[in-house]
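There are 6 protein chains.
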Amino acid sequence: MNEDLKVFSAGANNALTQEICDCIGIPLSQLEISRFSNDNLFVQVKESVREKDVFVVQSLTQPASENIMALMLTLDALRSASARRITAVIPYYSYARSDKKDAPRISIAGRLIADLLKTAGADRLLTMDLHADSVHGFFSMPVDHLTAIPTLCDYFSQRLDLSQVVAVATDAGGAKRVGRFANRLDIPMAFIDKRRISDSDVEQGLVVGEVEGKDAIVFDDEISTGSTLITTVRTLKKAGVEKIYAGATHPVLCGNAVANLKTADVTEIVVSNTVHISEDKLFPKLKVLSMASLFSRAILRIHTGESVSALFK
Amino acid sequence: MNEDLKVFSAGANNALTQEICDCIGIPLSQLEISRFSNDNLFVQVKESVREKDVFVVQSLTQPASENIMALMLTLDALRSASARRITAVIPYYSYARSDKKDAPRISIAGRLIADLLKTAGADRLLTMDLHADSVHGFFSMPVDHLTAIPTLCDYFSQRLDLSQVVAVATDAGGAKRVGRFANRLDIPMAFIDKRRISDSDVEQGLVVGEVEGKDAIVFDDEISTGSTLITTVRTLKKAGVEKIYAGATHPVLCGNAVANLKTADVTEIVVSNTVHISEDKLFPKLKVLSMASLFSRAILRIHTGESVSALFK
Amino acid sequence: MNEDLKVFSAGANNALTQEICDCIGIPLSQLEISRFSNDNLFVQVKESVREKDVFVVQSLTQPASENIMALMLTLDALRSASARRITAVIPYYSYARSDKKDAPRISIAGRLIADLLKTAGADRLLTMDLHADSVHGFFSMPVDHLTAIPTLCDYFSQRLDLSQVVAVATDAGGAKRVGRFANRLDIPMAFIDKRRISDSDVEQGLVVGEVEGKDAIVFDDEISTGSTLITTVRTLKKAGVEKIYAGATHPVLCGNAVANLKTADVTEIVVSNTVHISEDKLFPKLKVLSMASLFSRAILRIHTGESVSALFK
Amino acid sequence: MNEDLKVFSAGANNALTQEICDCIGIPLSQLEISRFSNDNLFVQVKESVREKDVFVVQSLTQPASENIMALMLTLDALRSASARRITAVIPYYSYARSDKKDAPRISIAGRLIADLLKTAGADRLLTMDLHADSVHGFFSMPVDHLTAIPTLCDYFSQRLDLSQVVAVATDAGGAKRVGRFANRLDIPMAFIDKRRISDSDVEQGLVVGEVEGKDAIVFDDEISTGSTLITTVRTLKKAGVEKIYAGATHPVLCGNAVANLKTADVTEIVVSNTVHISEDKLFPKLKVLSMASLFSRAILRIHTGESVSALFK
Amino acid sequence: MNEDLKVFSAGANNALTQEICDCIGIPLSQLEISRFSNDNLFVQVKESVREKDVFVVQSLTQPASENIMALMLTLDALRSASARRITAVIPYYSYARSDKKDAPRISIAGRLIADLLKTAGADRLLTMDLHADSVHGFFSMPVDHLTAIPTLCDYFSQRLDLSQVVAVATDAGGAKRVGRFANRLDIPMAFIDKRRISDSDVEQGLVVGEVEGKDAIVFDDEISTGSTLITTVRTLKKAGVEKIYAGATHPVLCGNAVANLKTADVTEIVVSNTVHISEDKLFPKLKVLSMASLFSRAILRIHTGESVSALFK
Amino acid sequence: MNEDLKVFSAGANNALTQEICDCIGIPLSQLEISRFSNDNLFVQVKESVREKDVFVVQSLTQPASENIMALMLTLDALRSASARRITAVIPYYSYARSDKKDAPRISIAGRLIADLLKTAGADRLLTMDLHADSVHGFFSMPVDHLTAIPTLCDYFSQRLDLSQVVAVATDAGGAKRVGRFANRLDIPMAFIDKRRISDSDVEQGLVVGEVEGKDAIVFDDEISTGSTLITTVRTLKKAGVEKIYAGATHPVLCGNAVANLKTADVTEIVVSNTVHISEDKLFPKLKVLSMASLFSRAILRIHTGESVSALFK
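If you read the protein sequences in the order shown, they are chains A, B, C, D, E and F.
First residue of the first sequence? That's 35 in this note's numbering, and the numbers climb one at a time after it.
First residue of the second sequence? That's 35 in this note's numbering, and the numbers climb one at a time after it.
First residue of the third sequence? That's 35 in this note's numbering, and the numbers climb one at a time after it.
First residue of the fourth sequence? That's 35 in this note's numbering, and the numbers climb one at a time after it.
First residue of the fifth sequence? That's 35 in this note's numbering, and the numbers climb one at a time after it.
First residue of the sixth sequence? That's 35 in this note's numbering, and the numbers climb one at a time after it.
Set out below in structure tokens:
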């Protein structure tokens, strides 16, 4: 059944891809990515993919432009090598953040990248926790959109006494996502209303909702530099919150994120492995939940034509 | 300058389109929409549009399928009649609500309609207050996205003492929109956290944020049956809110909306005219602000190649 | 063999679709079509269609715009739900009548709808007795074009003594179609030459061909309001025709068609069930021949990759 | 006004194109068509066409494949040479005859060529008297469809006493076209009902309509080998027709057409010059009406953005 | 395994195609190509191809335009007859010579034809020894690019003592191709540097590289009129070359090629059968190596999804 | 005339772009390129481009992936900001080197990038000295292909006594390009025949052509690491060449190129400024000829619709 299934890594998630292949019980397929002296990338697929059902795993993480180009060259090489079907598996589709035109004359890059991936040869997309649900609609190919939220909820509900916990969104735009999270855990919610104070650039965060004397889980789709989380922690502490936890799907952890989070007043930070975290970035308070099993089951269901939505029933 | 500019109405916004033409100072261009005995629609453009810069105004309001088909037949007729450029002006793009896949095996119709409009011949879109900003990214043509929020804000700030007013979102998903509204008026905000109570279908609304003893403006993108607004009003009253106002861009007002809103405990409901409201649906508490001037200025700027974003500076 | 074959009805031909499924020996697949309060349609496919060979039956009958939109939303939902192949089965493709540009600045809607169906996700079309053969060429996807003519001919040849029968076209444009019908029955033909009398709107019908003292079968692709048929009957009667029969593939039967046909001087009217006729519209002189068996055989042959043209050998 | 208008001939209609340019008052633009030793065609546009409004005249006449290839190479050369707009002017679109699928597994070549012309770079089409009106719908680009019928009618009405003339179609499929012709001349019509006699290949022609003792104009869209016309003439003579005239837009005149027509019992044959007739093929009974003026007026109107349909009011 | 594999000839390579079918062990599939009286081509596929894996063999040889049109009509007929996959097998893609813009305002016809073949319905291409490797990149479909060079090398290495042989390119542009050929045979190379002598049209050929006293193999991709080869032979003879051999993949052999080559001072001319050579053109010094086996193995590997590049390991 | 002409730099060629604008006499248009914390690029066009004729200059130089992404985001932003026409000006299209499939299962990236640029919004391309002429055919948009060869030739012919000079290609693949160069200077040519010595990885270079006692100009399209040039210099020196010059359009100069070239036995290295060379990389033997004037004239001609090929007459 799985003999014509092939899973490649285009470089950004080697460990996760290996883990996915182990779950499925197939070897990781081989790809060579190198670089010409003029800095052009070169991709060679190292095994025949004719009439195969091919999946390429690649998060659009740092170095993002390189990873996108490597993915597109891989998709094109697979297509011209006569793969039967090509699914781009993008655990962290970073450009989903560019999902609207909130300034004049910018690109809605989330849509542009979707179109480029199609031009490059992708037949379908498998992704996780897009920044906004409607980014799904940027793609003109079938999309399977997984979520890490149930796994994160399970983790928290097994470890915490939820009776005194409130879920907190870092801004009004995150209220919807946190609403879903809070609903699943059956806990109340709050959010930070950010306001720019006139005549200065200082942003003030007001807590909307009741948090005093409670524990809080700050929930977001990604943790990037960590500064949003750290500011939120400070605001919550001032508002009388006791213990603070954080949850997020995508641990981007760029810049001084690790250094800052290590010292932040947070009891535990729970993330998934959609973004590869190198050994040296790991720290005790950071808990990483693997999505390999979930991705492997989704890939198998896509391969065999079974319902993917059934995974979340 | 405006001699090769033509503005048509495809039937859903005849009054607004006439008003737009009056603002621009051109006559409304003529179109015939009729129906064959087999219920097929027939559209004939009644004047030459060769090499003209053509705008067709059509909100996707009830009867929505008819209005979409009439719009598409018009676009196709204009294209094959050699119009130089065709802009679909859709003040209320109702299908923007279908912007994600929140159930298995459904259409993201907001994207589908965007693709259909392109197939039918639209070169660009001019629209207002899409349900989600990212719906902009569903279109593969240039989009000018107007907003009624500044006009609505101006209306409220001229009439109300805002010192005791809070802006309220009817659910977590609306928090972002209301955040923008509240920011502009420099007032605090709150929202209703809706929860389904286990073992029943009853939905409970919890107010997140401080509202007691204040006046409230319930703000949303559209008022459809009005039931969400009426439930919110009840919840706010229980929470001790004094006077309640409502603001929304799109007055869909379907079903028993008018009857219910007339008797609701709301002081004033302020909407725009992106959706045509027939004479018999008007009632004293309903204030309709015309968007004709804004649309006419946007059309002129598109026609002459001036910045549209400058309208909102 | 048929386990990955699924047949849906998008609402316009529920009875015919059920009959087709019965012929094939599979259950009718389930689809939910509903409506939001803002009049937008909502379609949900109720069973997994991943990698299935899917057929959606939908005639473009009254309410035509609703039925087209429902079909397109269904096609899009199926495609994004990863159906392997999607065939639109449109027994009555009403817009085929809009097949030319006989007035300035109109849409050739038969082509537009063909393009829209492709955009919405149709991979192939299965249809019957298009108004003009060349409408086939409007589609950029493979088309299987069935015909009810042999079934109708068989019915007439089994019931009538054809030695005194002439086939009659209602106008010059129908001469080709009736020629084929007459050829198959090996009977002579005639047609009505319609002329507009100068200085008035009255249209005069002249019989071209010999009909006096004979019986006649008036043959057309569809019967809509019935007024063309009734005028033809009067003209034929004046010209000395004895008994008159009528045959047509598509019983659109709109407006006062049923009332008028009941009292017309026609012995029998024979049609197919490509258009659903509600119980209350049936009357004794109207004979409905089911196309379910023919459609089921075509669907099976498409599914298994056998020749469809062989059905008509 | 006409300085950025350029008209080329791709070889099949050099004389007509020169005449069109004379009517417009511009020089014929220069193109070189040659052939490599491996029989590949080579086209070079001999003058700059950047940002020009370009028209290429080419009927798809014998040698048809060569002429189509020369047209496509010209379109592609013009596009890559940055022409602003390219209109294919195809006075005789021969492949319009392949407009349906009347045998299994054939190409609807009228549609295929339409798609190929678009791929090659045509932005619009200007053509005349397509075999079927609906062939217009095969093109996804704007089409201006001229007709020679009014010119032919004028010619006949000025020369003949029409009181005893009947218009005759050579088969049932031509009845519609002849109906239009007869209507315009206000004369009655008839047609030949062709039947294949069982157990033999002989085809029998029955005259449907009254022709005895009258003069007849046999009207068709094209005269190819002339055999259809000659057979029709014989059938009409047997049926007692006096003088016979023939009219057609496209004088294909292939095979022995000229030899046969010279000796046929036809008083005059009136055609247009959409197909180039070499000097040696001309004969006294053949009257050729030039379409150059009509085409030149259409080209000018397309160029300046005036209504083309107004030409036929 | 091969039951759903079908191989057609579109007329230009009937013998080669039959030989390919014999190698595979399947009958040649049947196609009818005929011509209407108006010189339009007509193609009918004579057997069902529904869901079959279809290959159409057609070199773009003289008459090139006819052969291209026949190929495109065949592709379109196969597509609309529901073939599962269509591979155009073009042993000699003559238009590859039009691979650049070396004069203003010409078509890069090698790219245009690639786009036209896609529009006509080709899903993939199988070809041999394209004039330039980069012509591969003109196609937006998967391409398998075979080469006759190993077969030609084998032939020469088995027959000649290579120790005194030099490979010669007929111009600088061919140096790369000959380099590959020389490398494989492990012999030195030279080329003719053609220069136009000022103030005249005479072209002078200078031998670059050492050839005196050696034997030479003049190697090229095609032999067209043979004049390039004959000029090269004369230049080499003047430069003191002993015996001269010639090798080329494509024996176009047009014009007086055969007459000239018969009398040229060449010991043997070795070519493949990608271009059909009629019996009367064969002559003793011409050695034709069949590519049927190579094409049949490539077709089988494409059909079964095995690596085609492995054929050349 | 130039008021609706705008020229942007997307970052890789700021100095060249400024120089181009100075030649034209317009200010450089403003663009902001920045980076989100998750390494995603962000581009904002800082001035209105509605209905403008826009040119974006960007060589695909190191960091190549970043520069490609920045270019594509800029193109998309310009398109959605309603630019009338967008020309990508890519002085050095590095991926042109990936122009063929010389290994199995690789991407012909030169074609892929061409398709991606189209998807991103480019309407035309202006480029210089593509690695192979046929890369032009990878683009489905109009391409203007400039060359630095005349400028380089002029430089050499003004400075050197050409009577004892031979032009040398670094391998057989470059023979064609050097042939054109040598022809223009009317000097003889030679090339290096590279052979891999069996049983080792060492490559041996044989000089084909007469060079002993002469001066040589080694000519290539680009100088990347310089190692090819340095190896060629050594081979030529061994073969008795006196003075050695080098010429190339694109000074990629990556890795240790500068250090190595400084000490190489080359009298002068002449390049253009299609690739930006930072101050610290300049050295006395390196002569940089500016292409700004040539690009500015091409841009003006494209803008005003004059012939670009005329620049090279």
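C-beta: ideal position from N, C-alpha, C; glycine also.
Start-to-end residues for the beta strand (DSSP E) that takes in glutamate 100(E): Run containing glutamate 100(E): none in the beta strand (DSSP E); it sits in the alpha helix (DSSP H), 98–114.
Are the CB atoms of alanine 280(F) and leucine 263(F) within a distance shorter than 8 Å? Yes, the pair counts as a contact, with Cβ atoms nearer than the cut-off.
Let me know if glycine 144(B) comes out buried or exposed under the rule of 16 or more other beta-carbons within 10 Å of its beta-carbon. With 16 or more other Cβ atoms within 10 Å, it is buried.
Do aspartate 358(D) and histidine 310(D) have their C-beta atoms closer together than 8 Å? Residue 358(D) falls outside the range modelled here, since chain D spans only 35 to 347, and no answer is possible.
Cβ-based neighbour list, valine 177(A), same chain, cut-off 6 Å, excluding 5 preceding and 5 following: Sequence-distant Cβ neighbours of valine 177(A) in its own chain, meaning closer than 6 Å and more than five residues away, are Leu159, His170.
Cβ atoms of alanine 98(D) and aspartate 314(E): under 8 Å apart, would you say? Not a contact, by the Cβ cut-off of 8 Å.
Check the Cβ of valine 242(F) against every Cβ in chain E and list those closer than 9 Å, keeping chain order. Per Cβ cutoff of 9 Å: Ala209, Pro222, Met223, Ala224, Phe225, Val242, Gly243, Glu244.
Could you tell me which of Gln192(E), Ala166(E), Ala148(E), Ala154(E) sits nearest to phenylalanine 173(F), measuring between CA atoms? It is Ala148(E).
Check the C-beta distance from leucine 94(E) over to tyrosine 126(E) and give it rounded, since I have them as a contact under 8 Å. That belief holds up - the Cβ atoms of leucine 94(E) and tyrosine 126(E) are roughly 6 Å apart, short of 8 Å.
Looking at chain A, which residues of the segment 323–344 of chain E have a Cβ within less than 9 Å of any of its Cβ atoms? Against chain A - using a Cβ distance shorter than 9 Å - the residues of the segment 323–344 of chain E are Arg335, Ile336, Thr338, Gly339, Glu340, Ser341, Val342, Ser343, Ala344.
Strand pairing of alanine 201(F), partner residues [DSSP]: According to DSSP, which records beta bridges pairwise, alanine 201(F) is partnered with Met223(F), Ile251(F).
Give a yes or no on whether 8 Å exceeds the smallest Cβ distance from proline 176(B) to chain F. Cβ-Cβ to chain F under 8 Å: yes for proline 176(B).
Contact criterion: CB-CB distance below 8 Å. Does threonine 259(F) meet it with respect to chain A? Judged by the 8 Å Cβ criterion, threonine 259(F) is in contact with chain A.
Same chain only: Cβ atoms within 6 Å of valine 292(E), ignoring 5 sequence neighbours per side: Cβ within range, chain order: Lys315.
Quick one: grab the DSSP three-state call for serine 128(F). DSSP, read as helix, strand or coil, puts serine 128(F) in helix.
Cβ-based burial, alanine 137(B) [other Cβ within 10 Å; buried from 16]: By the neighbour-count criterion, in which 16 or more other beta carbons inside 10 Å mark a residue as buried, alanine 137(B) falls on the exposed side.
Would you decide whether threonine 297(E) is buried or exposed? Buried here means 16 or more other CB atoms lie within 10 Å of its CB. Using a 10 angstroms sphere on the CB of threonine 297(E), the tally of other CB atoms stays under 16, which defines it as exposed.
Local conformation of serine 168(A) per DSSP, three classes: Assigned with DSSP and collapsed to three states, serine 168(A) falls in helix.
Would you list the one or two residues that DSSP bridges to glutamine 192(E)? Glutamine 192(E) is bridged by DSSP to nothing; it lacks a bridge partner.
In chain F, which residues lie less than 8 Å from glycine 281(E) when you measure between Cβ atoms? Near glycine 281(E) there are no residues of chain F at all, since even the closest Cβ is about 17 Å away, more than 8 Å.
Can you find the residues in the same chain that come closer than 6 Å, C-beta to C-beta, to lysine 348(D), ignoring five residues on each side of it along the sequence? Past the boundaries of the shown model lies residue 348(D); chain D is included only from 35 to 347, so the question cannot be answered.
Could you check which residue in Phe215(C), Ser306(C), Thr181(C), Val79(C) has the C-alpha nearest to that of valine 199(C)? Just measuring C-alpha positions, the residue of Phe215(C), Ser306(C), Thr181(C), Val79(C) sitting nearest valine 199(C) is Phe215(C).
Note the first and the last residue of the continuous alpha helix (DSSP H) segment covering arginine 145(C). From DSSP, the alpha helix (DSSP H) with arginine 145(C) extends over 143–154.
Looking at C-beta atoms only, is the number of pairs between the segment 55–74 of chain F and the segment 239–247 of chain F that lie closer than 8 Å three or more? Cβ pair count under 8 Å is below three, so no.
Partners in chain C for glutamine 78(B), counting only beta-carbon separations shorter than 7 Å: Chain C residues near glutamine 78(B): Ala137, Arg139, Ile140.
What residue range does the beta strand (DSSP E) around histidine 337(F) cover? Run containing histidine 337(F): none in the beta strand (DSSP E); it sits in the alpha helix (DSSP H), 326–338.
On the three-state DSSP scale, how would you describe glycine 208(C)? DSSP places glycine 208(C) in helix when its eight states are reduced to three.
Over the uninterrupted beta strand (DSSP E) stretch that includes threonine 283(E), give me the two end residues. Start and end: 278–285.
Using a Cβ-Cβ cutoff of less than 6 Å, which residues in the same chain neighbour lysine 228(E) once the five nearest sequence positions on both sides are dropped? The residues are Asp205, Glu237, Gly239.
Which ranges does the alpha helix (DSSP H) cover as unbroken runs of at least 4 residues, wholly within the segment 35–91 of chain D, from first to last along the chain? Within the segment 35–91 of chain D, the complete alpha helix (DSSP H) runs of at least 4 residues are 48–58.
Return no unless some Cβ of chain F is closer than 8 Å to the Cβ of aspartate 249(E). Judged by the 8 Å Cβ criterion, aspartate 249(E) is not in contact with chain F.
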